[in-house]
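Numbering (our numbering), first residue to last: 559 to 761. Every residue, glycine too, gets a C-beta built ideally from N, C-alpha and C. Taking it in order: structure first as structure tokens, then the write-up.
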Ligand code: GRF
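What follows is the structure, given as structure tokens:
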């Protein structure tokens, strides 16, 4: 099988990156993780990459004159590795027009809430504060907004009496680790069709 090539962009812990790599190594997977890129030198995800045997790069946005130049460099790196799909996983920057232009409809993100509820930072805390009974996680295509692109897949997580931020984060994260590889797999199976704001999952 001809497998799709993925790069993961991250800024921190890298647990979703880890889950994606593990899924890519399962029998029958249709994708391979070729590269991890972090905008932060201290991201634990870089050490995870070394342990997992995935090539990893730190690209420091501060060493470029502006975001466009930084993203051009990312684009070069990604294209040199023949990356088909860019997966943001705890990447704490908004993607700008340069990268979006180079990977149109080929950048995914995972967010720890049921979008369009609770976009942006601290989504789990927003959910707790709002007193909702159900939250969860969402995988979506990335557009120019904050967590606003077409939704591919969602998994609900019920809030339990006595939940605090840590317990809720943990339960949502467990679902993130399943949902993200599933969405990537649908992408490479050619089953995702963007239709305006929606994503149709073809049979
Ligand atoms: C996850 O909760 C993800 O949904 C959000 O950032 C967090 C990243 O965690 N976008 P990790 O670095 O994958 O462990």
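Rounded distance between the beta-carbons of residue 641 and residue 593, thought under 8 angstroms: Cβ atoms of residue 593 and residue 641 come within 8 angstroms of each other, at about 7 angstroms.
CB of residue 644 within 8 angstroms of CB of residue 661, strictly: yes
Collapsed DSSP secondary structure at residue 588 in the structure displayed: coil
Three or more C-beta pairs below 8 angstroms linking the region 709-721 and the region 679-699: yes
Alpha-carbon spacing of residue 690 relative to residue 717, whole angstroms: 7 angstroms
Backbone secondary structure at residue 727 - three-state DSSP: helix
Contacts around residue 617, its chain only, beta-carbon distance under 8 angstroms, and the 5 residues preceding and following it disregarded: 595, 596, 597, 628, 631, 632, 635
Proximity test, residue 720 beta-carbon vs the ligand GRF heavy atom, cut-off 7 angstroms: no
Proximity test, residue 703 beta-carbon vs the ligand GRF heavy atom, cut-off 7 angstroms: no
Any non-hydrogen atom of the ligand GRF closer than 7 angstroms to residue 632 Cβ: no
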